[in-house]
Amino acid sequence: MHANQPLHICVNGVQQTLAMSPEASLLHLLRNDLLLNSPKYGCGLGECGACTVLVDGVAARACVIPAAGVAGREITTLEGLGSAGLLHPVQQAFIDAQAAQCGYCLSGMIMMTASLLAHTPDPTELQIRQALSGNLCRCGTHLEIIDAVQRAARLMAQARTAAAASPASQASQA
Ligand code: FES
5 MHANQPLHIC
15 VNGVQQTLAM
25 SPEASLLHLL
35 RNDLLLNSPK
45 YGCGLGECGA
55 CTVLVDGVAA
65 RACVIPAAGV
75 AGREITTLEG
85 LGSAGLLHPV
95 QQAFIDAQAA
105 QCGYCLSGMI
115 MMTASLLAHT
125 PDPTELQIRQ
135 ALSGNLCRCG
145 THLEIIDAVQ
155 RAARLMAQAR
165 TAAAASPASQ
175 ASQA
C-alpha cells in the first residue's frame, strides 16, 4: 500500500492537483475524484472502449492508464469536448444520425471519433471501421455510428471552409 501522492493534471482545460494513490487508474480519477461520468467502466481491461478519453488530443483507454502516468498531460473528456450551447461537430453529428441507443458506449465512440477526425479529417469508411473497431456497441448501432462519423467529417470540413472564407482569416493572409 502506497501513500497518496500529489498529481498535477489538466482536465478539460482546468489545472487540478489531486492526492492520488499511485495505483489508481485515470478512469478512477475522472469518475470518482472529479465526478466526470462520461467515460464509462466497461471491461476494465482496455478492450471495450467505453472509457475512451483524449490524452494530449489522442484517444486513450482511461481504465488501463495509471493516473500517475498522465501527470502534466492534457486530458479531455466528453464534458470538455463541447458545451450544451455549443456542441462539438462530432456530438452534433451523433445526434443528427440518431446513433445512440442505450448510450453506454457513446462517450467512448464520440471521443474516438474526435481523435480520428483530428488526425484524419476525411476518412474512408474502412478507416472509420478500423478506428472504431475497438469500441464495442452491444446495441448494434454500428451503421448509424459510421453515418455519424461521416456527417461529423462533413460538418468539420464545412467549418474549416467557412473559417477560411471569413474576413478575419482573409485579413490575416493579406
Ligand atoms: Fe476501458 Fe473497457 S472500460 S476499455
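So for the sequence shown, this note's numbering puts the first residue at 5; every next one is plus one.
We put the CB at the ideal spot given by N, CA and C, even for glycine.
Next on the checklist: Give me the residue from I150, A64, V59 with the minimum Cα distance to C236.
Outcome noted: In the structure as shown, the chain starts at 5 and stops at 178, and residue 236 therefore has no counterpart that could be examined.
Checklist entry - Taking just the CA atoms, how far does A152 sit from S29? => result Position 25 of the sequence shown holds residue 29. Position 148 of the sequence shown holds residue 152. Looking at the two C-alpha atoms, the distance is approximately 30 Å.
Next on the checklist: I'd like to confirm something about Y108: is its beta-carbon nearer than 7 Å to some heavy atom of the ligand FES, or not?
Outcome noted: Taking the sequence shown and counting its residues from 1, one reaches residue 108 at position 104. Outside the cutoff, so no.
Checklist entry - Should R65 be counted as a contact of the ligand FES given a C-beta to heavy atom distance under 7 Å? => result In the sequence shown, counting from the first residue as 1, residue 65 sits at position 61. At least one heavy atom of the ligand FES is nearer than 7 Å to the Cβ of R65, so yes.
Item to check | Beta-carbon proximity check, I79 vs I13, cutoff 8 Å | outcome: Looking up residue 79 in the sequence shown gives position 75. Looking up residue 13 in the sequence shown gives position 9. Against a cut-off of 8 Å, the Cβ pair of I13 and I79 comes out as a contact.
Next on the checklist: Assuming contact is defined by CB atoms lying nearer than 8 Å, are A156 and A97 in contact in what I supplied?
Outcome noted: The residue given as residue 156 occupies position 152 in the sequence shown. The residue given as residue 97 occupies position 93 in the sequence shown. Going by C-beta atoms, A156 is nearer than 8 Å to A97.
Item to check | Collapsed DSSP secondary structure at R142 in the structure displayed | outcome: Stepping through the sequence shown from its first residue, residue 142 is reached at position 138. Coil at R142, not helix or strand.
Checklist entry - In the structure shown, what three-state DSSP assignment does A169 receive? => result Indexing the sequence shown from 1 puts residue 169 at position 165. Here A169 sits in helix by DSSP.
Checklist entry - What number of angstroms, rounded off, separates the C-alpha of A122 from the C-alpha of P26? => result Taking the first residue of the sequence shown as position 1, residue 122 is located at position 118. Taking the first residue of the sequence shown as position 1, residue 26 is located at position 22. Cα to Cα, A122 sits roughly 31 Å from P26.
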